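To start, the structure itself, in structure tokens.
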Amino acid sequence: MNSNTPTLADLVCLDTIELDLRAGDKWDAIAELAGLLEQESKLIDKVSYLQAVGERENQVSTSVGLGIAIPHGKSLAVKQTSVAIGRSTTGIQWDPDSPDICHLIILLAVSDKEADKTYMQLLAILARSLLDDGFREGLMSAPNRETLVEHLAQIKLSDHQ
Amino acid sequence: MERICIVAVTSCPSGVAHTYMAAEALERAAKKRNCKIKIETQSSLGVENEITQAEADAADVVILTRDIKIDGHERFAGKPIVTEYAAKIIRNAQKIIDATLESMAALGDKEK
């Protein structure tokens, strides 16, 4: 992280972004994105991280309307607080009993370590920013991963303190 | 007409995402109706933007998420309180604000 000006881009890396998810349902999508976090060494233990995500998801669905779902898990199995972002062109019906179709899936991996406080603040700002039509549209329409990261980099921690 | 003054507290089970999305949704919806609003978040980061007793006393109405217990509930004793799940607030913030304002107006009419 660039300690001078942390931005939302610090939560991701290019390889935790997938612009064309293969998954056809929510659990596959979560697993696919968790796989990216694992490859980038953001997780200590993918299985127990996924368990935390599943427990949270089963409490209350994380589909929030607007074509977005934000599944998340807070777990000791997370090495570093990070985010994986997936887009689905066809869309994923998030819950069998709800009409919500999700095109943007943002998987949050949250470590409870005090050292990750800055990342936690960035997650809070990311969650707020998703209510902004322009920001959401930027993530949805970015032609490639680099452009998507540029959209994230425009949102700075310092502007929200 | 005097601006309606709302205070709200948002919170959710993991305190990571819904707390903030609900806060943002309420803020946007309230501003659209020219209401004053202050929103406290209770999350993994602790309590932010804390509502003081004086601010609670000055509020016309209180909106609270009902996903988990809110700390400091006693600040709002005697106030009209609207409670709703964070996920519903994220989806329907404008409806919730508008319904709240309508019921405040109805209440005001009765008192006249």
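As given, the protein sequences belong to chains A and B, one line each in that order. If you count the first sequence from 1, position 54 lands on 58 in our numbering, and the numbers rise without skipping. If you count the second sequence from 1, position 5 lands on -4 in our numbering, and the numbers rise without skipping. We put the CB at the ideal spot given by N, CA and C, even for glycine. Only a predicted model underlies this, so the values are computations on that prediction, with no experimental measurement involved.
Asked: Cβ of B/Thr56 within 7 Å of Cβ of B/Ser2?; Found: yes
Asked: Based on the DSSP output, what are the partners of A/Glu61 in its beta bridges?; Found: According to DSSP, which records beta bridges pairwise, A/Glu61 is partnered with nothing at all.
Asked: What does a CB cutoff of less than 6 Å around B/Gln85 pick up in its chain, not counting 5 residues either side in sequence?; Found: Ala20
Asked: Less than 7 Å between the beta carbons of A/Leu156 and A/Ala33, yes or no?; Found: no
Asked: The beta strand (DSSP E) with A/Gln97 in it runs from where to where?; Found: Ser86 to Gln97
Asked: Just curious, the beta strand (DSSP E) that B/Val38 is in, first and last residue?; Found: Gly37 to Glu39
Asked: Is it buried or exposed for A/Pro75, if we count other Cβ within 10 angstroms and need 16 for buried?; Found: buried
Asked: Could you give the DSSP three-state label for A/Ser133: helix, strand or coil?; Found: helix
Asked: Am I right that A/Ala81 and A/Leu47 are in contact with their C-beta atoms under 8 Å? What's the rounded C-beta distance?; Found: 6 Å
Asked: Beta-carbon of A/His155 versus every beta-carbon of chain B: anything under 7 Å?; Found: no
Asked: Touch check for the stretch 35 to 45 of chain B and the stretch 116 to 128 of chain A: three-plus C-beta pairs under 8 Å?; Found: yes
Asked: Please tell me whether A/Ala73 and A/Ile21 are closer than 7 Å, where the distance is taken between their beta carbons.; Found: no
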